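>
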Amino acid sequence: MTFRLRPIAATVLALAAVLGLTVAANSYLTERDISAFEARVATLGAASPAPAAMPAALASLPPPVQRYVRYTFPEGPVRYGVVRLSASGEFRRPQKQDFQPTTAGQVIAAGVPALVFSATTPIAGALWARAYDFFADGKMEMKAKILSTVTVVDEKETPTLNEISLRRWLLESPLYPAALLPGGPVTWEALDEDRARAVVTWGTLRASMVAHFDPQGRLTHMQAETDGDLSTPYHGSGEHVQRSNYQRVGAQMIPMDFTISRLSGGKLYPFWKGRIDHIRFE
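Residue numbers for the sequence shown follow our numbering, so the first one is 15 and each next one is one higher.
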């Protein structure tokens, strides 16, 4: 009996070794792709930094946005081209109810709409998924792989997905507020004393969200003006983001806590909630 078990054990060990090598190789390839996307975004950001805000242009902003600029830049607006950040929290996969602990990183261009988001989240037991969203030059790419090996989401650019990715850059912009200053791809439309519409255009693409500001000048949340499609295998940008826990980072006030949600039928469906662990401006 012992002699019979030895070949079986050897086969199991060999299969485990092959699986381990396969996962390791695919993990290397996935991380190589993510690093290449990050380098591309960083190059775009360095070449086109956020605009230098002129006093006359700042004075023409809607009143709540002027209040936001005064609060966010206590020593006056600053310029940078690239933002690198890491975040942690809980993520809910599309069409699921439970949240799982998740870590994520982003590299973002502040002066042009370009970003890459990558995240790792557990699936079940020892299984985990690696996912990334990339957007630059008006085109997106989205993938998710179990163990960096089995592809479960593979979305290529379409006009709709490109627009959603452009909105993602706008939704994340309170983390790199120089992007919201006049002279860049974002313009502002007045609504009332506490709200203004942020509009970002890039080529033929256009996306907008309504930003809400408190009396102090903090941007508390942004919301799309159309419902999201909850039946898709991806969350996309989400249609609503809540931001809080503003902290001074260098010469800026940055919101460190966030909840990003889908929005449909007037109801919010959170899917990514957490905090910024580290952020750097270049």
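For each residue, glycine too, the CB sits at the ideal point set by N, CA and C.
Everything numeric in this text was worked out from a predicted model, so none of it was measured.
Among the candidates 125, 60, 95, 48, whose CA atom is the shortest distance from the CA of residue 214?
125
> Going by the CB atoms, is the gap between residue 145 and residue 130 shorter than 8 Å?
Not closer than 8 Å, so no.
> By DSSP, does residue 17 sit in helix, in strand, or in coil?
With a pLDDT of 49 at residue 17, under the threshold of 50, the modelled position of this residue cannot be trusted; read the value that follows with caution. Judged by DSSP in its simplified three-state form, residue 17 adopts helix.
> What's the gap between the Cα of residue 51 and the Cα of residue 281?
34 Å
> Where does the unbroken alpha helix (DSSP H) through residue 69 begin, and where does it stop?
69–73 is the span of the alpha helix (DSSP H), which, as asked, contains residue 69.
> Taking 8 Å as the threshold (C-beta atoms), are residue 249 and residue 272 in contact?
Not in contact: residue 272 and residue 249 (Cβ atoms no closer than 8 Å).
> Sort 236, 169, 262, 245 by Cα distance to residue 221 and report the nearest one.
236
> Is it the case that the segment 93–101 contacts the segment 186–194, given that we only count it when at least three CB pairs across the two stretches are under 8 Å?
yes
> Which same chain residues end up closer than 6 Å to residue 265 when comparing Cβ atoms and leaving out the 5 residues on each side of it in sequence?
89, 92
> Skipping 5 residues on each side, what residues in its chain have a beta carbon closer than 6 Å to that of residue 118?
101, 133
> Around the Cβ of residue 111, are there at least 16 other Cβ atoms within 10 angstroms (buried) or fewer (exposed)?
exposed
> Going straight from the alpha carbon of residue 258 to that of residue 74, what length do you get?
Distance between the alpha carbons of residue 258 and residue 74 is about 27 Å.
> Find the nearest neighbour of residue 56 within the set 173, 123, 47, judged by alpha-carbon distance.
Distance from the Cα of residue 56 is smallest, within the candidate group 173, 123, 47, for 123.
> Would DSSP call residue 121 helix, strand or coil?
Three-state result, residue 121: strand.
> Using only alpha-carbon positions, find the residue among 240, 296, 195 that is nearest to residue 68.
195
> According to the Cβ coordinates, are residue 278 and residue 244 closer than 8 Å?
By the CB criterion at 8 Å, residue 278 and residue 244 fall inside the cutoff.
> Starting from residue 136 and walking both ways along the beta strand (DSSP E), at which residues does that stretch end?
128–138
> If you count every other CB in all the chains shown that lies within 10 Å of the CB of residue 147, and 16 or more means buried, which is it?
buried
> Identify every residue that forms a DSSP beta bridge with residue 146.
132, 157
> Go through the segment 181–251 residue by residue and report every complete run of the alpha helix (DSSP H) that reaches 4 residues or more, in order.
DSSP assignment within the segment 181–251 yields no whole alpha helix (DSSP H) run of 4 residues or more.
> Near residue 63, what residues of its chain come up, given a Cβ to Cβ distance below 7 Å and the 5 sequence neighbours on each side ignored?
93, 94, 95, 124, 125
> Do you know offhand how far residue 43's Cα is from residue 49's?
10 Å
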